[in-house]
Amino acid sequence: MRSTQQLSITLPVEMANLVKQRVANGDYVSESEVIREGLRALQERENAVEHWLRTEVAATYDAHKADPTKALPIDEAWKRLEARMDEIDREED
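In the working numbering, the protein residues as written are -19 to 73.
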């Protein structure tokens, strides 16, 4: 049984050129490899976000339910959220 499946995709011209350029530069052997790598990176990011939601966000929610008086003002909470998302983005690079 075949372990791959052929797909036909349509990309914006800029993305298609990027894929072709990565192959032409020798970074990847084929266009399929570029797309597979992009999908792996997407999956890693989704896994990181899911882990963060299940651990840090869930724990914070539970702590808030236990003692709402310790809640942060919305501006401070937003700053922390943005900092965490920046951290996740840097981890991906």
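Quick reminder that beta carbons are idealized off the backbone N, C-alpha and C, glycines included.
Since we're looking at a predicted model, the values are computed, not measured.
* To do: My understanding is that E17 touches K0, with C-beta atoms under 8 angstroms, so please give their C-beta distance in whole angstroms.
  => About 14 angstroms separates the two Cβ atoms, so there is no contact after all.
* How many Å lie between A43 and I54 at the Cα? -> If you take the alpha carbons of A43 and I54, they lie about 16 angstroms apart.
* For L(-13), which residues from the same chain have a beta carbon less than 6 angstroms from its beta carbon, with the 5 sequence-adjacent residues on both sides left out? -> none
* Out of L61, P48 and K50, which has the shortest C-alpha to C-alpha gap to L33? -> L61
* To do: Helix, strand or coil for G109, going by three-state DSSP, please let me know.
  => With the chain represented from -19 up to 73, any question about residue 109 goes unanswered, as that position is not in the structure.
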